[in-house]
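Following: one structure in structure tokens, then a few remarks.
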Amino acid sequence: MDPVLTPAQVHEAHEVDTFHVPQAFHDKHPTGTHIKDINEYKKLYDESIRSPDTFWARMARELLTFDKDFQTTHHGSFENGDNAWFVEGRLNASYNCVDRHALKNPDKVAIIYEADEPNEGRQITYGELMREVSRVAWTLKERGVKKGDTVGIYLPMIPEAVIAFLACSRIGAVHSVVFAGFSSDSLRDRVLDASSKVVITSDEGKRGGKVIGTKKIVDEAMKQCPDVHTVLVYKRTGAEVPWTAGRDIWWHEEVEKYPNYLAPEPVSSEDPLFLLYTSGSTGKPKGVMHTTAGYLLGAAMTGKYVFDIHDDDRYFCGGDVGWITGHTYVVYAPLLLGCATVVFESTPAYPNFSRYWDVIDKYDVTQFYVAPTALRLLKRAGDEHIHHKMHSLRILGSVGEPIAAEVWKWYFESVGKEEAHICDTYWQTETGSNVITPLGGITPTKPGSASLPFFGIEPAIIDPVSGEEILGNDVEGVLAFKQPWPSMARTVWGAHKRYMDTYLNVYKGYYFTGDGAGRDHDGYYWIRGRVDDVVNVSGHRLSTAEIEAALLEHSSVAEAAVVGIADELTGQAVNAFVALKEGNETTDQIRKDLSMQVRKSIGPFAAPKAVFVVEDLPKTRSGKIMRRILRKILSGEEDSLGDTSTVSTELLTIPGQTILTISSCRTLALWTRLLRLFTPPASKRHTIDDNDMGAKFLMNYEGLDGRDSFSVQQAIFLFSFLLPFPFLCNFESLLYLRFPRLALKRHEYELFGFRSHYPRQ
């Protein structure tokens with residue numbers, strides 16, 4: 001019998017205000033939004049759910065140009081994993097993004113390139129873009145690339161990255177972009193998995209005043225990619241780089257050989273457009289495959305209705321093209337709709353914290369879309385850096401993770417001047433485009449909520465225990481979707497069973513997002529974060545298994561476990577636990593080496609914030625590491641460890657300090673309350689050194705704030721009080737964890753008869 005769940009209230013929905021679209025938004029809008037009001041949204045949404053074929057067919061013909069019209073709007077199901085859209089249609093992505101606008105107005109700006117150095121950018125018109133895309137497409141074609149072939153792209157945030165996307169799609173090739181912060185090992189794995197024979201890169205990249213050796217990384221990766229016969233190199237800095245004759249060719253030399261126009265090749269609606277590798281809970285990255293017509297429609301639809309894009313807008317998405325945000329909202333959405341898109345090479349803090357605001361003011365940006373990580377950084381930097389009015393802004397978007405209420409309000413008040421509409425969007429690499437989101441200028445919003453579903457998206461809250469859908473409002477569970485939509489990924493490259501098992505077989509008849517969510521009393525959705533072994537760092541999904549595998553590559557590591565913990569700046573931070581092989585000493589150097597190992601294997605962005613060396617890891621009796629326990633200990637939730645009856649490991653070594661019994665974890669909350677009796681005023685406390693990772697471990701208990709505030713005399717007094725209750729916990733563990741520099745010395749442990757699990761000297 002399925003368990004009866006008492007719906008859990010979505011409490012924060014009752015604690016925040018609802019913000020309606022500012023009147024100033026409407027007052028300064030040049031033409032008005034694409035739909036009139038929230039009632040029209042509801043009408044269109046109802047049609048998209050009740051009559052999806054009619055709705056999507058109309059939208060596809062309105063927003064895309066087909067060389068051959070389709071007859072079948074949708075075929076397939078979640079159960080069979082064979083969804084297909086606009087089946088008989090034929091079209092070309094490059095034509096839809098470039099040619100149709102260039103033929104109408106070739107002098108219209110398509111790309112605004114904001115280089116790393118503020119005065120080095122340039123602008124590219126749609127006419128120029130069509131010429132450059134055609135010449136690179138010619139180059140690829142002459143190097144043997146044909147329809148259906150994959151092309152690897154490893155480029156920084158420069159216009160040539162956009163040109164490379166569109167050159168591939170122009171000849172029906174499949175682009176496989178790898179973020180230019182990934183290591184050579186990660187690049188190698190993705191090139192091999194995609195079977196790419198051509199890779200496009202640059203001599204170097206620039207970001208935040210630093211130089212990135214992109215060609216050097218590619219060369220290292222290519223040592224194990226024997227099938228790659230061409231590396232096309234764009235000259236970004238002019239630096240001297242190693243050269244492999246016969247394989248490496250200069251972009252600028254090759255494109256000069258070919259005509260300024262190459263006719264786009266129509267492909268079937270369901271032909272692949274691109275692969276994008278995303279982290280999975282099994283460790284091996286998944287090559288998520290998106291097809292042409294459905295993905296393009298999702299990008300165009302959300303660009304039009306979520307971001308309220310109009311012809312003369314200047315759209316600025318701060319995402320990188322190496323991630324799905326850059327694919328959809330730097331490249332495809334704005335170019336499909338014929339507006340100008342900002343390609344931003346730098347960082348929000350270079351050369352100073354006003355960089356974003358300078359760009360918005362400089363180009364009269366109308367829509368701005370960025371991750372909460374950047375917003376937290378800029379909020380912390382202070383409002384003195386916001387010295388522009390930025391009156392052109394209509395939409396302020398947020399992407400990658402839920403935005404905290406206080407950051408939301410700062411974004412609205414300090415950046416948007418209470419004139420712009422906030423769109424906190426929820427979506428994934430696999431969804432292709434926004435799926436739960438406000439519509440710009442239409443949807444009333446609540447700080448912290450992604451609000452309402454986009455057209456054609458029918459969310460469901462699933463009880464994770466019974467697998468049944470929880471109906472009604474004010475409920476919490478796992479977020480799933482009940483019916484297919486055009487921009488959803490079709491498969492994992494070369495691994496359709498993995499696609500089915502990851503997304504469609506978890507709850508039969510539903511698409512499984514892997515995220516928890518709440519639906520509040522108004523039907524608004526609140527995203528809770530991952531329910532699988534994936535960490536979300538600065539809006540980027542990283543596989544814990546992939547990071548663990550990187551740690552295990554180090555010769556001294558016997559076991560590794562990685563968990564994500566809430567972080568004020570990045571949303572979540574990677575924390576690693578490792579058990580060393582016999583004979584290896586725990587040193588600061590080993591921690592540094594392990595962090596460097598992850599940087600080398602995956603990339604700098606995946607490096608752990610902290611590496612804890614332990615003697616053993618908590619495991620089930622079947623040998624599975626219980627990351628839940630590690631996560632709760634790091635989060636200060638030792639009093640809610642849940643069922644530990646299956647733990648076979650009795651003792652957990654706390655990094656560089658002592659051994660904590662699993663049973664004692666349950667009583668740490670009690671100890672904390674007792675220890676507060678001895679906490680001196682804040683003025684008499686002194687903080688622990690920031691580099692003392694062992695001392696900082698578990699320093700987030702209420703009222704103590706990680707201060708050394710407990711003397712030996714007080715410890716003796718408290719211990720004497722608790723002597724009748726030895727079963728409560730191992731006191732020395734708690735004492736040394738909380739106060740490592742004031743804890744009892746070894747002889748004092750022996751004096752009072754403590755167990756002999758002494759802190760390491």
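When we follow full-length UniProt numbering, the leftmost residue of the sequence shown carries the number 1, and every step to the right adds one.
Think of the CB as a built atom: it goes at the ideal place given N, C-alpha and C, for glycine as much as any other residue.
Treat the numbers as computed from the prediction; the structure is a model and nothing was measured.
Residue i: buried (16+ other C-beta within 10 angstroms of its C-beta) or exposed?
i           : result
Met596      : exposed
residue 768 : The question about residue 768 has no answer here: the residues shown for the chain are numbered 1 through 761.
Pro226      : exposed
Arg190      : buried
Gly440      : buried
Asp82       : exposed
His229      : exposed
His14       : exposed
Lys147      : exposed
Lys446      : buried
Gly294      : buried
Leu569      : exposed
Thr244      : exposed
Lys508      : exposed
Leu232      : buried
Pro484      : buried
Asp588      : exposed
Gln367      : buried
Gln104      : The question names Gln, but residue 104 is Lys in the sequence shown. So Lys104 ends up on the exposed side.
His387      : exposed
Short of 8 Å in beta carbon distance, which residues of its chain neighbour residue i, apart from the five on each side in sequence? Order them along the chain.
i      : result
Phe481 : Val435, Ile457, Glu458, Pro459, Ala460, Tyr510, Tyr511 and Thr513
Lys28  : His391, Arg394 and Glu419
Tyr261 : Met130, Arg131 and Ser134
Once the 5 residues before and after residue i are set aside, which same chain residues still bring their CB inside 6 Å of it?
i      : result
Lys42  : none
Gly181 : Gly603 and Phe605
Asp424 : Ser398, Ile403 and Ala450
Tyr277 : Arg190, Pro285 and Gly287
Trp526 : Val10, Ser449 and Gly518
His496 : none
Gly209 : Tyr350
Pro334 : Tyr315 and Thr341
Going straight from the alpha carbon of residue i to that of residue j, what length do you get?
i      : j      : result
Asn119 : Lys600 : 33 Å
Lys381 : Tyr411 : This sequence places Ala at residue 381; Lys is not what is there. For Ala381 and Tyr411, the distance between alpha carbons rounds to 13 Å.
Pro272 : Gln224 : 26 Å
Lys68  : Ala263 : 16 Å
Arg490 : Ala161 : 24 Å
Asp17  : Asp520 : 13 Å
Ala550 : Val598 : 5 Å
Arg530 : Ala300 : 28 Å
Tyr356 : Gly583 : 51 Å
Asp593 : Ile217 : 20 Å
Tyr154 : Val133 : 17 Å
Ile309 : Ile171 : 28 Å
Thr33  : Asp149 : 40 Å
Ser21  : Pro444 : What sits at residue 21 in the sequence shown is Val, not Ser. C-alpha separation (whole angstroms): 6 Å.
Leu44  : Arg50  : 10 Å
His554 : Arg591 : 11 Å
Thr437 : Lys581 : 48 Å
Ser414 : Asp358 : 15 Å
Val145 : Asp99  : 21 Å
Below 8 Å on the Cβ atoms is my guess for residue i versus residue j; work out the distance and round it to an integer in Å.
i           : j      : result
Ile151      : Ser196 : For the record, residue 151 in the displayed sequence is Val; it is not Ile. Their Cβ separation, rounded to whole angstroms, is 6 Å, which keeps Val151 and Ser196 in contact under 8 Å.
Ala221      : Leu187 : 4 Å
Thr139      : Tyr258 : 6 Å
residue 774 : Ser433 : Summary: the structure shown does not reach residue 774, with the chain confined to residues 1 through 761, and so no result is reported for it.
residue 762 : Ala576 : Limits of the chain in this structure are 1 at one end and 761 at the other, which puts residue 762 out of reach.
Excluding the five sequence neighbours on either side, which residues of its own chain have a C-beta within less than 7 Å of the C-beta of residue i, listed in chain order?
i      : result
Asp364 : Arg314 and Ser392
Ser48  : Phe55, Phe455 and Gly456
Glu345 : Glu114, Ala115, Asp116, Pro156, Met157, Ile158, Lys206 and Arg207
Gln572 : Val535, Asn536, Val537, Gly564, Ile565 and Ala566
His75  : Ala84 and Val87
Met59  : Leu297 and Met301
Thr429 : Leu276, Thr278, Val288 and Ile324
Asn96  : Leu64, Thr65, Leu296 and Leu336
Glu379 : It should be pointed out that residue 379 corresponds to Lys in this sequence rather than to Glu. For Lys379, where only same-chain residues beyond five positions count, the Cβ hits under 7 Å are Val407 and Trp410.
Comparing the CB of residue i with every heavy atom of the ligand HEM, is any distance shorter than 7 Å?
i     : result
Val98 : With respect to the ligand HEM, the structure shown offers nothing to examine, as it has no ligands at all.
Would you please verify whether the beta carbon of residue i is less than 8 Å from any beta carbon of chain D?
i     : result
His34 : Judged by its chain identifiers, the structure shown contains no chain D, having just a single protein chain.
If contact is defined by three or more beta carbon pairs under 8 Å, each pair taking one atom from either stretch, is the region 335-345 in contact with the region 300-318? yes
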